[in-house]
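Protein chains in written order, with my numbering: chain A, 1 to 278; chain B, 1 to 276. Note that CB positions come from ideal geometry on N, CA and C, so glycine has one too. To start, the structure itself, in structure tokens.
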Amino acid sequence: MVTGRALGTFGSIAANADLARRAPEIEVAPKLRVEKLDVHYGAFQAIKSASLDVPENRVTALIGPSGCGKSTFIRALNRMHDVTPGARVRGRVMLDGEDIYAPGVDPVSIRHRIGMVFQRPNPFPKAIYDNVVYGPRVHGMRDRAQLDAICERSLRRAALWNEVKNRLDRSALDLSGGQQQRLCIARCLAVDPEVLLMDEPASSLDPIATSKIEDLIAELKADFTVVIVTHSMQQAARISDFTAFFLSGSLIETGTTVSIFTQPKDKRTEDYITGRYG
Amino acid sequence: MRGRHVRSFIGTMLTAFCASLGAVALLLIFGYVLLQGFRALNLAFVTQLPVPVGEPGGGIANGILGSVVTVALATAIAMPIGLLSGLFLALFGRGWFPGVVRFLSDVLSGIPSIAIGLFAYIVFVAPFRHFSAVSASFAFAMLMLPVILRTSEEAVRSVPREIREGALALGMSEYATTMRIVVPAARSAIITGLLLSIARVTGETAPLLFTAFGSQFWEVNPTNPMAELPLQIFNYAISPYQSWHEQAWAGALLLIGAVFVLNVFARLVLSPRASR
Chain A
1 MVTGRALGTF GSIAANADLA RRAPEIEVAP KLRVEKLDVH YGAFQAIKSA SLDVPENRVT
61 ALIGPSGCGK STFIRALNRM HDVTPGARVR GRVMLDGEDI YAPGVDPVSI RHRIGMVFQR
121 PNPFPKAIYD NVVYGPRVHG MRDRAQLDAI CERSLRRAAL WNEVKNRLDR SALDLSGGQQ
181 QRLCIARCLA VDPEVLLMDE PASSLDPIAT SKIEDLIAEL KADFTVVIVT HSMQQAARIS
241 DFTAFFLSGS LIETGTTVSI FTQPKDKRTE DYITGRYG
Chain B
1 MRGRHVRSFI GTMLTAFCAS LGAVALLLIF GYVLLQGFRA LNLAFVTQLP VPVGEPGGGI
61 ANGILGSVVT VALATAIAMP IGLLSGLFLA LFGRGWFPGV VRFLSDVLSG IPSIAIGLFA
121 YIVFVAPFRH FSAVSASFAF AMLMLPVILR TSEEAVRSVP REIREGALAL GMSEYATTMR
181 IVVPAARSAI ITGLLLSIAR VTGETAPLLF TAFGSQFWEV NPTNPMAELP LQIFNYAISP
241 YQSWHEQAWA GALLLIGAVF VLNVFARLVL SPRASR
């Protein structure tokens, strides 16, 4: 893997043809709007008043050094902190204009609309088929033909169908790491979420599996709003439309990926993308 | 250089020697019981009632039956309580309460079984003025409870957090996540703990002395005194008769065999192939 340092100057990134092709598109409506979000773990404040608009049907990348709070931030977007002992969230996260932290909002229904893929592939210790249709089943779908259709469609969307179609009854644990991660994406797509959160989805995968996941993300944004945490700036540059830079719990700068990587406004953003931080 | 190699050699040998001592002790006991018990072990021994001293033959079938009934009843009491508390401690326990439960459970597991038996006597025997198998089951359940509680807590805890979060992130409720994902993933380890707790009480003798008490007859009503395999071994072994000594050895062989099978079974359940 190429490290941040090997990037050279941000000027060389600007020369990246793929990146330059994408024009700024600020006018897209926000699917998620985060307002003054604070997250505490006990006495420690992990996120300090972060505000961010996540545009619909675009890929938004969260970058920053280890421990900067980007994973904490993304987990706040579908209320995963509800099950983290000691975590407290303040501020508002608006999904289509409605605050998911408002009293009376059921976190289960929020997670149904905002799916999440984790850093380490976490398939259930069950058959491939059962993994994919788990969500629909739990939500009450029993019809076998319908489940079969959902299974095939989700696996196709996750670019895994051709590799597993003849062994759907085999254990998901027999798949390779990259396949497991795509299975987890398929499992997530099967419940038809509107937003897809991905917390360093490729960090435990080899380069080939990583590029498959990246191609997949590029296709998924046609149907979903994607938020992805990544520690790889190349990855952010390759796949995202918008980028948010975090540093020690604060959101330093947001903007189109092109502008963040070519004309960062903040000195700290510039230092980070030119490799002056780890 | 040489000194280091010598020390390494001595260290390896010493640890290997100590490690083999434990295994040798088990083999010696098993071998000796096998040798002594084999003679009196026959079909009549496991199918017939005891006979008075002096009469040839006879068996301890009622003791085997009694042990099975008593342990089954104890399992029925201890299993649901132990499993649910283990689940609580692993998933929902917050604040001071879980720590207290864990501590008390550890203390309970360290209490000598004879003291548990006395407690069962006071609660279940003295008020009714007669011995009963159910009082023995009560004592056994108290011995099993901490084992089941801690093993099921550990089993549920060892299910990766990521799997639980993956289920929650699919929009599953905590209840569905627990019952459909977490518990099934921990199932084999939970069953192993259960089998080990059964193996632990199957050989317990002390609490039986003043709870089940023993019986010469077929007895299936758990509110009556009941014959128990370990109790019969104990009574036969302290008797002055040669024929009873032989039967005690045979009974011990049966008991060790049963516990051995339970342990092997527990390992098989836990093997990776079984969990697929």
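Grouping DSSP H, G and I as helix and E and B as strand, with all else coil, what is A/D99?
strand
Determine the DSSP secondary structure at B/H245, reduced to helix, strand or coil.
helix
Boundaries (first-last residue) of the alpha helix (DSSP H) holding B/R7:
Membership of B/R7 in the alpha helix (DSSP H) is indicated by the continuous run 2-37.
Residues, ordered as in the chain, of the stretch 64-95 of chain A that lie near chain D by beta-carbon distance below 7 Å
Absent from the structure: chain D. Protein chains present are A and B.
DSSP on A/G91, reduced to helix/strand/coil?
strand
Neighbour flag for B/G257 against chain A, beta carbons, 9 Å:
No, because no Cβ of chain A sits closer than 9 Å to the Cβ of B/G257.
Which bits of chain B does A/G115 rub up against, with CB to CB less than 9 Å?
A/G115 reaches chain B at A169, L170, G171, counting residues in chain order whose Cβ is nearer than 9 Å.
Taking the DSSP output, what are the residues bridged to A/V226?
DSSP, once it has assigned bridges, lists A/V59, A/L196 as partnering A/V226.
Within 10 Å of its beta-carbon, does B/G99 have 16 or more other beta-carbons around it, so buried, or fewer, so exposed?
exposed
Per DSSP, what kind of secondary structure is B/A133 in: helix, strand or coil?
helix
Quick one: does A/V108 have its CB under 9 Å from some CB of chain B?
yes
B/L104 to B/P146, Cα distance in whole Å?
9 Å
When burial is assigned at 16 or more other CB atoms within 10 Å of the CB, is B/P50 buried or exposed?
buried
If you scan the stretch 149-196 of chain A from start to end, which runs of the beta strand (DSSP E) of 3 or more residues do you find wholly inside it?
none
For B/P184, which of A/D96, A/P65, A/P125 has the nearest alpha-carbon?
A/P125
Within 10 angstroms of the Cβ of B/T178, are there 16 or more other Cβ atoms? Answer buried if so, exposed if not.
It counts as buried.
Strand pairing of A/I47, partner residues [DSSP]
A/V39
For A/A102, count neighbouring C-beta atoms within 10 Å of its own C-beta (all shown protein chains included) and say buried if the count is 16 or more, exposed if not.
exposed
Work out the CA separation of B/G166 and B/R150 for me, nearest whole Å.
Answer to the nearest angstrom: the Cα atoms are 25 Å apart.
Compute the Euclidean distance between the alpha carbons of B/F21 and B/L170, then round it to the nearest angstrom.
It should be pointed out that residue 21 of chain B corresponds to Leu in this sequence rather than to Phe. Each residue's Cα considered, the two are about 52 Å apart.
Buried versus exposed, by CB contacts within 10 Å (16 or more), B/I122
Counting other Cβ atoms within 10 Å of its Cβ, B/I122 stays below 16 and is therefore classed as exposed.
Evaluate the contact criterion for the stretch 23-34 of chain B versus the stretch 262-271 of chain A: three or more CB pairs, one atom per stretch, below 8 Å.
no
According to DSSP, simplified to helix, strand and coil, what is B/M172?
coil
Judging by CA-CA distance, which residue of A/M198, A/Y134, A/D143 is the nearest neighbour of A/S71?
A/M198
Where A/R21 and A/A87 are concerned, what is the direct C-alpha to C-alpha distance, given to the nearest angstrom?
Here the model assigns A/R21 a pLDDT of 47, short of 50, so the residue's position is not dependable and the matter cannot be decided.
Does any residue of chain B have a CB that is nearer than 9 Å to the CB of A/Y134?
yes
Only counting the same chain, and skipping five residues up and downstream in sequence, which positions put a Cβ closer than 6 Å to that of B/I233?
A248, G251, A252
Do A/R90 and A/V39 have their C-beta atoms within less than 9 Å of each other?
With respect to the 9 Å criterion, A/R90 and A/V39 are classified as neighbours on the basis of their beta carbons.
Could you check the C-alpha separation between A/C184 and A/L216 for me, to the nearest Å?
13 Å
What in chain A is Cβ-close to B/E154, meaning under 9 Å?
Correct list: empty, because the minimum Cβ distance to chain A is about 17 Å.
Are three or more beta carbon pairs between the stretch 198-218 of chain B and the stretch 134-146 of chain A nearer than 8 Å?
no
So, is the C-beta of A/R167 closer than 9 Å to a C-beta in chain B?
no
Starting from A/I252 and walking both ways along the beta strand (DSSP E), at which residues does that stretch end?
Residue range 250-256 is occupied by the beta strand (DSSP E) that includes A/I252.
A/T243 - containing alpha helix (DSSP H), residue span
No alpha helix (DSSP H) holds A/T243; the beta strand (DSSP E) holding it covers 242-247.
Stretch-stretch touch, CB-based, cutoff 8 Å, three pairs: the stretch 221-241 of chain A with the stretch 56-67 of chain A:
yes
Would the stretch 212-223 of chain B and the stretch 10-17 of chain B be scored as touching if the rule is three or more Cβ pairs under 8 Å?
no
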